[in-house]
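All residue numbers for the sequence shown refer to our numbering, where the first residue is 10 and numbers rise by one. Just so you know, even glycine gets a beta-carbon here, dropped at the ideal spot from N, CA and C. What follows is a set of notes on a single structure, which appears directly below.
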Amino acid sequence: MKQSTALNQKNLPLLGEHTRVPSYDRSKVTAGIVHIGVGGFHRSHEAWYTNALMEQTGDLNWGICGVGLRESDHKMRDVLKAQDYLYNLIVKHPDGTVENHVIGSIVDFMLSVENPMAVIDRMAHEDTRIVSLTITEGGYNFHPVTGEFVFDNPDVKHDLANPDSPRLVFGFLTAALRKRRSAGLPPFTVQSCDNIQHNGDMTRDMLLAFAGRQDPELAAWIEQNVCFPNAMVDRITPVTTPKDIEFLRKEFRIRGAWPVTCEPFCQWVIEDRFSNGRPAWETVGAQFVPDVTPYEKMKIRLLNAGHSVLGLLGSIHGHQTIDGAVSDPLFAKYLRAFMDKEATPVLDEVEGIDLEAYKDSLIERFGNPNIKDNLARICLESSAKLPKFLISTIRENLATGGSIKFATLVIAAWCYYSDKGLSRHGVELDIVDEMKDELHLAAMGTEDDVLSFLRIEPIFGDLVENPRFTTLYAESVEALYRDPDIERLMQKTLGDKPPVHSTLS
Ligand code: CS2
Numbered sequence: 010m011k012q013s014t015a016l017n018q019k020n021l022p023l024l025g026e027h028t029r030v031p032s033y034d035r036s037k038v039t040a041g042i043v044h045i046g047v048g049g050f051h052r053s054h055e056a057w058y059t060n061a062l063m064e065q066t067g068d069l070n071w072g073i074c075g076v077g078l079r080e081s082d083h084k085m086r087d088v089l090k091a092q093d094y095l096y097n098l099i100v101k102h103p104d105g106t107v108e109n110h111v112i113g114s115i116v117d118f119m120l121s122v123e124n125p126m127a128v129i130d131r132m133a134h135e136d137t138r139i140v141s142l143t144i145t146e147g148g149y150n151f152h153p154v155t156g157e158f159v160f161d162n163p164d165v166k167h168d169l170a171n172p173d174s175p176r177l178v179f180g181f182l183t184a185a186l187r188k189r190r191s192a193g194l195p196p197f198t199v200q201s202c203d204n205i206q207h208n209g210d211m212t213r214d215m216l217l218a219f220a221g222r223q224d225p226e227l228a229a230w231i232e233q234n235v236c237f238p239n240a241m242v243d244r245i246t247p248v249t250t251p252k253d254i255e256f257l258r259k260e261f262r263i264r265g266a267w268p269v270t271c272e273p274f275c276q277w278v279i280e281d282r283f284s285n286g287r288p289a290w291e292t293v294g295a296q297f298v299p300d301v302t303p304y305e306k307m308k309i310r311l312l313n314a315g316h317s318v319l320g321l322l323g324s325i326h327g328h329q330t331i332d333g334a335v336s337d338p339l340f341a342k343y344l345r346a347f348m349d350k351e352a353t354p355v356l357d358e359v360e361g362i363d364l365e366a367y368k369d370s371l372i373e374r375f376g377n378p379n380i381k382d383n384l385a386r387i388c389l390e391s392s393a394k395l396p397k398f399l400i401s402t403i404r405e406n407l408a409t410g411g412s413i414k415f416a417t418l419v420i421a422a423w424c425y426y427s428d429k430g431l432s433r434h435g436v437e438l439d440i441v442d443e444m445k446d447e448l449h450l451a452a453m454g455t456e457d458d459v460l461s462f463l464r465i466e467p468i469f470g471d472l473v474e475n476p477r478f479t480t481l482y483a484e485s486v487e488a489l490y491r492d493p494d495i496e497r498l499m500q501k502t503l504g505d506k507p508p509v510h511s512t513l514s
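Okay, here's the thing in structure tokens:
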């Protein structure tokens, strides 16, 4: 049997006809983009578009220099470096077709913990024209209810006091923009690729708050000169598992230490506002629009919220993956009811988009049996996600008198999940959340004070004072604690009769 080949630049010609490798000359690529937060999603999305762009147009000015801000990014740096920054993107279609690409758009990687000044210099270099971000919802350091920048954070305090050796993204952006301004260079664009509505505006507000505290004059310059385009990003990208590495080795005879697997669907809708030029990503499928608002709201309130609905209810039920949950007819019906009755009524019209077809396509994408998207990934950092994905929908429906019951049961399930950390059958759940301890403590108080969980003010704000919401929540949470049979509660919420268990004698 043919030996496997290690993935690196030199071996590209050996990888075989079933793997698409970069045909452009990577030694000629300059890094016009510095990207902070190189995980699976960046590699299946922006890096994929940019690789396709270089392939198609031959414009080699937009290579990517990855940056990791966390200690834990050592592994990504080491893996990518050993592979000449190449990796495999394995695209799995629902019918079993697999496309295997080697992506060549990342050409360097830096760790800020090793040398923060080198990262600042790189961002301040004249070749750098865009700094893009996937730092997760939690990385923006805003208060979920007030939307204000949170200054009361040890890393922020450190960054304010140490402008040349920051830890957080805003410290780096400020330092690099300061350098560019003194060097008389045009600023880079700051391009958020996270699932936050108005992600560009949010990034700008947070950066201005931080920079304003450190250097008000610089903040005024940033406000006038730096563009922060809003964007909607979309591609379902599960966490890489040892099975993916094995798949690559067995099916394609390639030894790659950290491939990415993703679905075929890919979307990027971007506002066309850039400070210093941009790649022609529209030539490879991205859409440039004047205002991204309706697209991003639709995506976050249907896709991301839909994931959370399946993730939390499914975890308690004992489902493992999104495709597993959505192939369960009760979960599919519940998801659709949530989308139709609660999420859709508070969405804006999106010109040229048929919402019914969009929802159908989401259910189809979720059902892709070859994408094993673990519920643990979906539920990861729920405290940063749910205020934007789901709680905003509850708030808007409370204001208009719309239905809230489907989403409310999900909040009750989140309480039970945070308290017990178990599925209804007692299987331990893998919970990862910055606020895990706080969520657990509040949820544990439920038996004495049924609204205890809702008193986490940074997540729920004043919702605990809304009687329509609290009455429904209390009923759901009490029922769940009496008997965590989530299926029965889902059926009840749907207005369906639970199946009759006949006792034939
Ligand atoms: C997921 C997203 O994090 C989540 O909860 O909903 O990562 C989702 O898979 C992507 O936004 C898809 O574009």
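Rounded to the nearest whole angstrom, the C-alpha separation of residue 456 and residue 423 is 15 Å.
If the five residues before and after residue 475 are omitted, its C-beta is found closer than 7 Å to the C-beta atoms of 407, all from its own chain and listed in chain order.
Annotated three-state conformation of residue 219 is helix, per DSSP.
Within the same chain, 16, 28, 109, 110, 111, 112, 257, 261, 263, 265, 268, 269 come within 8 Å of residue 97 by CB-CB distance, once the 5 residues on both sides are set aside. Distances between the C-beta of residue 472 and the heavy atoms of the ligand CS2 are all 7 Å or more. For residue 119, the secondary structure class from DSSP, reduced to helix, strand or coil, is strand. Beta-bridge partners of residue 431 (DSSP): 437. The Cβ atoms of residue 88 and residue 144 lie no closer than 8 Å to each other.
Going by beta carbons, residue 403 and residue 316 fall outside the 8 Å limit. Of 399, 283, 487, the smallest CA-CA separation from residue 319 is found for 399. A straight line joining the alpha-carbon of residue 226 with that of residue 353 spans about 43 Å. Taking every protein chain shown into account, the CB of residue 295 has 16 or more other CB atoms within 10 angstroms, so this residue is buried. Judged by DSSP in its simplified three-state form, residue 65 adopts helix. Of 437, 433, 434, 426, the smallest CA-CA separation from residue 450 is found for 426. As computed with DSSP, residue 98 is found in a beta bridge with 110, 269. Residue pairing from DSSP places residue 44 in a beta bridge opposite 75, 141. Burial state of residue 183 is buried, judged by a 10 Å Cβ sphere holding 16 or more other Cβ atoms. The C-beta distance from residue 197 to residue 244 rounds to 24 Å, too long to fall under 8 Å, and the pair is not in contact. Linking residue 180 to residue 216 through their CA atoms gives a straight-line distance of about 9 Å. Residue pairing by DSSP puts residue 28 in a beta bridge opposite 109. Sequence-distant partners of residue 241 (beyond 5 residues in either direction) whose C-beta falls short of 6 Å from its own C-beta, in its chain, are 278, 301, 304, 305, 308. Residue 478 carries a helical assignment under DSSP once its states are collapsed to helix, strand and coil.
Sequence-distant Cβ neighbours of residue 185 in its own chain, meaning closer than 6 Å and more than five residues away, are 129, 132, 133.
Between the alpha carbons of residue 410 and residue 419 lies a distance of about 19 Å. If you check the CB distance, residue 350 and residue 415 come in under 8 Å. In the structure shown, residue 246 falls within a coil segment according to DSSP collapsed to helix, strand and coil.
One Cα belongs to residue 459, the other to residue 152, and the distance between them is close to 25 Å. Remark: the shortest separation between the CB of residue 165 and any heavy atom of the ligand CS2 does not fall under 7 Å. The distance from the Cβ of residue 345 to that of residue 380 is about 19 Å, inconsistent with a contact at the 8 Å cut-off. For residue 201, the enclosing beta strand (DSSP E) has its first and last residue at 198-201. The three-state reading of DSSP puts residue 444 in coil, since its state is none of H, G, I, E or B. Between the alpha carbons of residue 248 and residue 50 lies a gap of roughly 9 Å. Setting aside the 5 residues that flank it on each side, residue 251 has no residue in the same chain whose C-beta is closer than 7 Å to its C-beta.
Under the DSSP assignment, residue 297 falls in the beta strand (DSSP E) whose first and last residues are 296-298.
Counting along the chain, residue 135 sits inside no alpha helix (DSSP H), nor does DSSP assign it H or E at all.
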